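One structure is given below, encoded as structure tokens.
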Amino acid sequence: MKRCLIAAVLMIAVAGLTISCATKAAPASAAPAAAAKAEMEKVESTMIDSVGYDAKAQELTVVFTGTGETYVYKNVPEKAYKALMKADSKGKYFTKNIKNKYEFIKK
Numbered sequence: 001m002k003r004c005l006i007a008a009v010l011m012i013a014v015a016g017l018t019i020s021c022a023t024k025a026a027p028a029s030a031a032p033a034a035a036a037k038a039e040m041e042k043v044e045s046t047m048i049d050s051v052g053y054d055a056k057a058q059e060l061t062v063v064f065t066g067t068g069e070t071y072v073y074k075n076v077p078e079k080a081y082k083a084l085m086k087a088d089s090k091g092k093y094f095t096k097n098i099k100n101k102y103e104f105i106k107k
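Residue numbers (the numbering used here): 1 to 107.
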């Protein structure tokens with residue numbers, strides 16, 4: 001009888017540990033969903049429709065005119081984003097200073 005009681009207590013204790021571990025892990029998996037997204041801004045350009053920048057993540061998001069394709073460029077310094085936004089020709093600045101210079105993902 002004592003063995004059954006001890007086994008039951010151990011099973012409950014182990015189950016409790018498993019549950020508490022699972023509960024602690026849940027917020028970590030929710031973190032990516034809470035990541036900030038760049039606010040998009042329309043620009044005057046024949047090549048680029050809109051641009052967004054997430055300073056915390058250093059991600060530059062570019063939506064291209066015509067195709068509507070969206071690319072996110074990684075590790076872009078804020079000064080490059082600001083220079084793009086100030087450039088007389090956003091397409092020329094993008095081609096010379098961002099395209100093929102930074103890693104990107106196509107969305």
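Note that beta-carbon positions come from the ideal geometry of N, C-alpha and C, so glycine has one too.
Because the structure is a prediction, the values reported are computed rather than measured.
Looking at residue j and residue i, is the spacing between their C-beta atoms short of 9 Å?
i	j	result
Glu103	Asn75	yes
Glu44	Lys90	yes
Lys180	Glu59	Because the chain here runs from 1 to 107, residue 180 falls outside it and cannot be looked at.
Thr65	Asp49	yes
Tyr71	Leu84	no
Lys37	Asp54	yes
If you follow the beta strand (DSSP E) that residue i is in, where does it begin and where does it stop?
i	result
Lys42	40 to 42
Thr67	Note, Thr67: premise wrong, no beta strand (DSSP E); not H, not E.
What span of residues does the alpha helix (DSSP H) with residue i cover, start to end?
i	result
Glu78	78 to 86
Lys90	90 to 97
Would you identify the three-state DSSP class for residue i, choosing helix, strand or coil?
i	result
Lys106	strand
Val51	strand
Thr46	coil
Would residue i count as contacting chain C if we go by Cβ distances under 9 Å?
i	result
Glu41	Absent from the structure is chain C; it holds one protein chain and no more.
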